[in-house]
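Novice: Residue numbers (my numbering): 1 to 454.
A single structure is presented below for examination.
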RNA sequence: GGCGCCAUCGUCUAACGGUUAGGACAGCGGCUUUUCAAGCCGUCAAUCGGAGUUCGAUUCUCCGUGGCGCUGCCA
């Protein structure tokens, strides 16, 4: 052990009862960063014990999402359903040793007890007397861990992110661990799975803090080594409530149409951790990452910041990567910079279709500041003349000639020229667009504009 | 109600116990200008409240308040 610490093994363990959402993705990211940083191993374990709610569709979404984000895991996907036989023996052992027992109270009785406790303002817990009775040995009821209600023991664990956290053991009650020896509940099977995989650090959301003392008790009852815990802050909606579908708790895959995976990773990473700069790669994040420095408080999911980060990434995209990411093979190499400089969301790239196909627009858009149609038309005809006589070499000469056509207010020339090429109220400079389209296409579009004004 | 976690600009955050409390996003204003974008410059904006420790507290302690989580035969 000395000088040779155990190898770091971490996992992300989503249940396929919903899509891969932002919170799970961030949790996966921090597990992944920690594993890379410590030269450890990162696993993906699908917790599909809830047969009613788990689906293959959700499982695939989780796999697709993590793959898209580039959070690669070691080996095959692990499924709890593949080793259901692992749970029976330890459960029977606990039962045999009297550390667990069968509780035969009905759900109505438990509910009444809980309500009574709330009204009496005492801690809610089920102190089950069946554990001392022969009844506790008889199957049929739910299996609970026997917890000493008279104990004054404090369960303490040293959270890597938050420091020491303690709970009074007596307040836990005899909590449930399985429906039967062949049907374990979360708090039980998660421990068996983590122990079998020799997980060294359990890095998960802070909503699991209050599960931790229960799990520690199970580790102890089973004589298993207790791993280290690190509880991550939650990602919040703009109103600081829990992130809901309305605010973005949909599938991470929904982001693919608008955002680069690097942007999302960058954004998620920065939401719970302070890196040295705003924009950095997965590798740079890994180099800087220190689990103990993850923040403690929840952070609001600010889509504006994500948009800005994405814009930074998009600006650096090569033409080929832009075509690929936006799914628009028609964007030419020359057109690409015009697009990337203005793009916040990938799906908006189609707004620049005038760079590769003829635009459609109304004639009245061509006029600069309510100018008469014939003035606009004359301006366009002169622009056409200039372009026909230009060699497509020296841009400066062209701009000079256009300026002199305009005389004082250059908008009288540049606005209709620009609209003739783009059909848009807003677009890049017409000369830039012209360089993308080429002479023939430009003349063609100017002629169309002129005909619209006739 | 019980238990737990958390608390700096609107948002994400920085600040060996000593700073004019810094940066980024958003907002606003400007430069440039033929529209947009980008870029650059500027600007607005915060230590939840109260005690205590200390020469000195955003920082340490306690109390309060607030937000959130858990309180399932869900995970």
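Glycine residues also receive a C-beta, built at the ideal position from the N, C-alpha and C atoms.
Straight-line CA distance for residue 120 to residue 192?
Specialist: So the two alpha carbons sit approximately 37 angstroms from each other.
Novice: Pull up the CB-CB distance for residue 204 and residue 232, whole angstroms please, since I reckon it's below 8 angstroms.
Specialist: About 7 angstroms; that satisfies the 8 angstroms criterion.
Novice: Which residue or residues does DSSP assign as beta-bridge partners of residue 101?
Specialist: Its beta-bridge partners are 144.
Novice: Given a cut-off of 8 angstroms on the beta-carbon distance, is the pair residue 334 and residue 435 in contact?
Specialist: For residue 334 and residue 435, yes; Cβs fall inside 8 angstroms.
Novice: Rounded to a whole number of angstroms, what is the C-alpha to C-alpha distance between residue 442 and residue 354?
Specialist: About 11 angstroms.
Novice: Can you tell me whether DSSP reads residue 155 as helix, strand or coil?
Specialist: Note: residue 155 maps to strand in three-state DSSP.
Novice: Starting from residue 395, trace the alpha helix (DSSP H) in both directions and tell me its first and last residue.
Specialist: Residue 395 -> alpha helix (DSSP H) spans 395-406.
Novice: For the beta strand (DSSP E) containing residue 165, name the first residue and the last one.
Specialist: It spans 163-168 - the beta strand (DSSP E) in which residue 165 sits, taken as one unbroken run.
Novice: Find out if the Cβ-Cβ distance for the pair residue 273, residue 310 is shorter than 8 angstroms.
Specialist: Against a cut-off of 8 angstroms, the Cβ pair of residue 310 and residue 273 comes out as no contact.
Novice: Rounded to the nearest angstrom, how far is the Cβ of residue 160 from that of residue 291, given a contact under 8 angstroms?
Specialist: Confirmed, about 5 angstroms.
Novice: I want to know whether the region 102-109 touches the region 199-218 - three or more CB-CB distances under 8 angstroms.
Specialist: The region 102-109 is not in contact with the region 199-218.
Novice: Grouping DSSP H, G and I as helix and E and B as strand, with all else coil, what is residue 338?
Specialist: Helix, per DSSP.
Novice: Would you mind sorting residue 144 into buried or exposed? The rule is 16 or more other CB atoms within 10 Å of its CB.
Specialist: Counting Cβ neighbours within 10 Å, residue 144 comes out buried, since at least 16 surround it.
Novice: Looking at residue 87 and residue 188, is the spacing between their C-beta atoms short of 8 angstroms?
Specialist: Contact: yes.
Novice: Go through its chain and collect everything with a Cβ distance to residue 452's Cβ below 6 angstroms, but skip five positions before and after it.
Specialist: Excluding residues within five positions, the ones whose Cβ falls inside 6 angstroms are 363.
Novice: Between the C-alpha atoms of residue 201 and residue 9, what's the straight-line distance to the nearest angstrom?
Specialist: Near 7 angstroms, if we compare the C-alpha coordinates of residue 9 and residue 201.
Novice: Going by DSSP in three states, residue 311 sits in which element: helix, strand or coil?
Specialist: Residue 311 falls in the helix class under three-state DSSP.
Novice: Under three-state DSSP, which class holds residue 4?
Specialist: Note that residue 4 has pLDDT 46, beneath the 50 cutoff, so the model's placement of it is unreliable and the number below is only indicative. It is coil, neither helix nor strand.
Novice: State yes or no: is the C-beta of residue 127 within less than 8 angstroms of the C-beta of residue 173?
Specialist: Against a cut-off of 8 angstroms, the Cβ pair of residue 173 and residue 127 comes out as a contact.
Novice: Taking the straight line between their C-alpha atoms, what separation do you get for residue 16 and residue 29?
Specialist: When rounded, the distance between both Cα atoms is 18 angstroms.
Novice: Mark residue 437 as exposed unless 16 or more other C-beta atoms lie within 10 angstroms of its C-beta, in which case mark it buried.
Specialist: When all chains shown are included, residue 437 counts as buried.
Novice: Identify the residues that DSSP records as bridge partners of residue 178: which are they?
Specialist: 143 and 184.
Novice: Look at the alpha carbon of residue 40 and the alpha carbon of residue 149, and state the distance between them as a whole number of angstroms.
Specialist: In a straight line, the C-alpha of residue 40 is about 40 angstroms away from that of residue 149.
Novice: Note down the Cα distance separating residue 279 from residue 163, rounded to an integer number of angstroms.
Specialist: Their backbone Cα atoms lie some 30 angstroms apart in a straight line.
Novice: Going straight from the alpha carbon of residue 20 to that of residue 96, what length do you get?
Specialist: Straight-line Cα distance between these residues: approximately 39 angstroms.
Novice: Give me the DSSP bridge partner(s) of residue 41.
Specialist: Its beta-bridge partners are 9.
Novice: Between residue 114 and residue 171, which are expected to be in contact by the criterion C-beta below 8 angstroms, what is the C-beta distance as a whole number of angstroms?
Specialist: About 14 angstroms separates the two Cβ atoms, so there is no contact after all.
Novice: Counting pairs of beta carbons, one from the region 300-316 and one from the region 53-64, are three or more of them closer than 8 angstroms?
Specialist: Output reads no: the region 53-64 does not touch the region 300-316.
Novice: What does a CB cutoff of less than 6 angstroms around residue 167 pick up in its chain, not counting 5 residues either side in sequence?
Specialist: Hits under 6 angstroms: 155 and 213.
Novice: Taking the C-alpha atoms as reference points, what is the distance between residue 196 and residue 186?
Specialist: Residue 196 and residue 186: Cα-Cα distance of roughly 15 angstroms.
Novice: Which residues mark the beginning and the end of the alpha helix (DSSP H) in which residue 217 is found?
Specialist: Segment 212-222, the alpha helix (DSSP H) holding residue 217.
Novice: Going by other Cβ atoms of all chains shown within 10 Å of its Cβ, with 16 needed for buried, is residue 24 buried or exposed?
Specialist: Buried, since its Cβ has 16 or more Cβ neighbours within 10 Å.
Novice: Below 8 angstroms, can you find three or more Cβ-Cβ pairs linking the region 331-351 to the region 389-402?
Specialist: The answer is no - the region 389-402 does not touch the region 331-351, with fewer than three Cβ pairs under 8 angstroms.
Novice: If you count every other CB in all the chains shown that lies within 10 Å of the CB of residue 320, and 16 or more means buried, which is it?
Specialist: That one is exposed.
Novice: Buried or exposed: which applies to residue 379, given that a residue is buried once 16 or more other Cβ atoms fall within 10 Å of its Cβ?
Specialist: By the neighbour-count rule (16 or more Cβ atoms within 10 Å), residue 379 is buried.
Novice: Between the C-alpha atoms of residue 92 and residue 99, what's the straight-line distance to the nearest angstrom?
Specialist: Cα to Cα, the separation comes out at about 10 angstroms.
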